[in-house]
Each structure stands twice: as structure tokens, then as C-alpha cells.
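With numbering that gives the first Met the number 0 applied, the sequence shown corresponds to residues 0 to 232, in that order. We put the CB at the ideal spot given by N, CA and C, even for glycine. Note that the coordinates shown come from a computational prediction; the quantities given were computed from them, not determined experimentally. Reviewing the structure listed below.
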Amino acid sequence: MPNQAKLDHRKLLEDHFLFSSLPQDALDKVHATSLIRQYPKNSTIFVRGEDGDRLFAIVKGRIKISIFSEEGREIVLATMRAGDFFGEIAFLDGSTRTADATVIEDCEVFSIGRGDFFPILEDHPDIYMKIITVLCERLRQTNEAIEDSIFLTVPARVAKTLLRLAESYGEERGGNIHFNIKISQQELANIIGTSREVVNRHLRHLQSEDVIRVESGYLVICDREYLTEFTHS
Numbered sequence: 000m001p002n003q004a005k006l007d008h009r010k011l012l013e014d015h016f017l018f019s020s021l022p023q024d025a026l027d028k029v030h031a032t033s034l035i036r037q038y039p040k041n042s043t044i045f046v047r048g049e050d051g052d053r054l055f056a057i058v059k060g061r062i063k064i065s066i067f068s069e070e071g072r073e074i075v076l077a078t079m080r081a082g083d084f085f086g087e088i089a090f091l092d093g094s095t096r097t098a099d100a101t102v103i104e105d106c107e108v109f110s111i112g113r114g115d116f117f118p119i120l121e122d123h124p125d126i127y128m129k130i131i132t133v134l135c136e137r138l139r140q141t142n143e144a145i146e147d148s149i150f151l152t153v154p155a156r157v158a159k160t161l162l163r164l165a166e167s168y169g170e171e172r173g174g175n176i177h178f179n180i181k182i183s184q185q186e187l188a189n190i191i192g193t194s195r196e197v198v199n200r201h202l203r204h205l206q207s208e209d210v211i212r213v214e215s216g217y218l219v220i221c222d223r224e225y226l227t228e229f230t231h232s
């Protein structure tokens, strides 16, 4: 069984977009120096302000990247799933973590240290471009979130968040979009930047209009066009 696990982790590296272009000897170095850890739900991988000398990638499960206000209010900046990497800001500049990383679904995560990875980056600079591409995409997402918080109403932000989550976690079945993960109202509230009570009110309205429904705790979007139009309101 351990040998099978090693094979699985090696395959993850070979298939991961960051490492897929590496030759076998470089993959061997990454695999040999990476660490694999299991994290249970609600555990913390790192917190804001910690020294950050490792880059993380998710093998399975989900994590959230979030910050907290002085009053203890949580804002979720991003949710990550299998195949995503995170912790790259402190990893690249050698400074401290800019946010918390918390497990929201039992996770298996591999990580690699700066001292082990930077020599590989120097030999294979194409990886820098892949990292830059991801950083640019995340910056665009952050800018969009700021614009949404300023210009969109809360109902429009709820609709837009549901559509965005559906792109990552939705499956088309029978003309509807079925989420393959459970997302709590508090999670939605933290992503949108409002209270759970406000989210609950807008979700109930969407259910009354047959735009969404809940099946065994899983969201189903029944009217994507309605939500799309609503994001412009």
C-alpha cells in the first residue's frame, strides 16, 4: 500500500500543470523533497503572520484562504480543491503568510520548501511563467470581488457567487446544475462578505421562485438564466 501511495503522488506531480513539463530527473527531485500530510476538517494549515517557506498543493479535499477583521469577522478570499496550489506569495518572497489556510473538507496536501524548489525553478524557468499566470488570474479575481462589493447589490452578489461556485463544483444533469459538495450558508456568507442571516433570506427567496432547490443538503440550480440576469441588477 505505501508503494501505491508513492505512485499516486508521483502521478499527481506528473499531471499537475506546474510540474507536467519537468523532465524525469527534476520530477524525481520534487518528489523526493516534498512532504505529504493529511489534514482533518477544520484543521489549520497555516495562519496569517507565520513565516512561509513552503508551497502547498492539494491532492484531495478542499481548503479555504481567509482573513479576519479585528472584530473576528471572517472573509473568504478563495476556496481551493484538488489540483490547486496555495501559499505561493510568502513562498516566493520569503515573507510572512498574508492569510489563513483552513481545511473545509478532509485534505491530503503535499508541500515543498523554498530551499528545495528554487534550484529547480532556476533550471526550469518556464515554471515561473505558470506561477505568474496563476497569480495574475487571482489578482483579477480579487479586483472583481472588490468591484462587486462596491457596485453590486447583495442579491446580485449571492447570484454571482452561486454561478461561480457552480463552475467549480457543479455537474449538469437534466437541465439543472447539481453541486457535488455541500456548501453551508455561513460559507456563502463568508465568501460574499455578509451575514448568514442575509444569505438565508436571499436563498429562501430564490427557492420560492424555483431558481434553486436543496436536495439532501446539496444545492441545485434550476434556473441559471435567472441568476445570470440577476447579477446585473
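### Message
For residue 2, count the other beta carbons within 10 Å of its own beta carbon; 16 or more makes it buried, fewer makes it exposed. Which is it?
### Response
Stepping through the sequence shown from its first residue, residue 2 is reached at position 3. Here residue 2 scores only 48 on pLDDT, less than 50, and its place in the model is too uncertain to base an answer on.
### Query
Grouping DSSP H, G and I as helix and E and B as strand, with all else coil, what is residue 175?
By 1-based counting over the sequence shown, the position of residue 175 is 176. DSSP places residue 175 in strand when its eight states are reduced to three.
### Message
Helix, strand or coil for residue 0? Go by DSSP, reduced to three states.
### Response
Walking along the sequence shown from the start, residue 0 turns up at place 1. Note that residue 0 scores a pLDDT of 40, beneath 50, so its modelled location is shaky; the value from the coordinates is reported in the next line. Of the three classes helix, strand and coil, the one that applies to residue 0 here is coil, per DSSP.
### Query
Just checking, does the region 138-145 make contact with the region 79-87 on the three C-beta pairs under 8 angstroms criterion?
Not touching, per the Cβ criterion.
### Query
Just checking, does the region 19-31 make contact with the region 48-65 on the three C-beta pairs under 8 angstroms criterion?
Note that the region 19-31 does not touch the region 48-65; fewer than 3 beta-carbon pairs, one per stretch, sit closer than 8 angstroms.
### Query
Can at least three beta-carbon pairs, one atom from the region 209-226 and one from the region 191-200, be found at a separation below 8 angstroms?
Segments in contact, no.
### Task
Return the chain-ordered ranges of every beta strand (DSSP E) run that is complete within the region 146-215 and spans a minimum of 3 residues.
You should have 169-172, 175-178, 211-214.
### Query
When the Cα of residue 229 is compared with those of 185, 183, 216, 162, which residue comes out closest?
Along the sequence shown, one-based indexing puts residue 229 at 230. Ranking the options by Cα distance to residue 229, first place goes to 162.
### Per DSSP, cross-strand counterpart(s) of residue 63
If you number the sequence shown from 1, residue 63 lands on position 64. Residue 63 is bridged by DSSP to 78, 101.
### Task
Spatial neighbours of residue 88 within its chain, please: CB distance less than 6 angstroms, with the 5 preceding and 5 following residues excluded, ordered by chain position.
Here residue 88 is taken as the residue at index 89 of the sequence shown, counted from 1. The residues are 97.
### Task
Sort 169, 58, 188, 63 by Cα distance to residue 106 and report the nearest one.
The residue given as residue 106 occupies position 107 in the sequence shown. With distances taken between Cα atoms, residue 106 lies closest to 58.
### Integer Cβ distance of residue 194 from residue 110, believed to fall under 8 angstroms
Taking the sequence shown and counting its residues from 1, one reaches residue 194 at position 195. Taking the sequence shown and counting its residues from 1, one reaches residue 110 at position 111. Incorrect: roughly 34 angstroms between the Cβ atoms, too far for contact.
### Query
residue 43 lies in the alpha helix (DSSP H); which residues open and close that run?
For the purposes of this step, residue 43 is taken as the residue at position 44 of the sequence shown. Careful: residue 43 lies outside any alpha helix (DSSP H), inside the beta strand (DSSP E) at 43-45.
### Task
State yes or no: is the C-beta of residue 133 within less than 8 angstroms of the C-beta of residue 99?
Here residue 133 is taken as the residue at index 134 of the sequence shown, counted from 1. Here residue 99 is taken as the residue at index 100 of the sequence shown, counted from 1. Not in contact: residue 133 and residue 99 (Cβ atoms no closer than 8 angstroms).
### Query
Out of curiosity, what's the CA-to-CA distance linking residue 114 and residue 36?
In the sequence shown, the residue the question calls residue 114 occupies position 115. In the sequence shown, the residue the question calls residue 36 occupies position 37. Put simply, the backbone Cα of residue 114 is about 19 angstroms away from that of residue 36.
### Query
Any idea what DSSP makes of residue 221, helix, strand or coil?
Locating residue 221 in the sequence shown gives position 222, counting from the first residue. Residue 221 falls in the coil class under three-state DSSP.
### Query
If you check the beta carbons only, do residue 191 and residue 160 fall under 8 angstroms apart?
By one-based count along the sequence shown, residue 191 stands at place 192. By one-based count along the sequence shown, residue 160 stands at place 161. Yes, the pair counts as a contact, with Cβ atoms nearer than the cut-off.
#### Entry: Close-in-space but distant-in-sequence residues of the same chain around residue 188 (CB under 8 angstroms, 5 per side omitted)
One-based indexing of the sequence shown puts residue 188 at position 189. Short of 8 angstroms from the beta carbon of residue 188, and not among the five residues preceding or following it, lie these beta carbons of its own chain, in chain order: 194, 195, 197, 198.
### Query
Relative to the alpha-carbon of residue 94, which residue among 74, 75, 50, 66 has its alpha-carbon at the smallest distance?
As a working note, residue 94 is residue 95 in the sequence shown. Ranking 74, 75, 50, 66 by CA distance to the CA of residue 94 puts 50 first.
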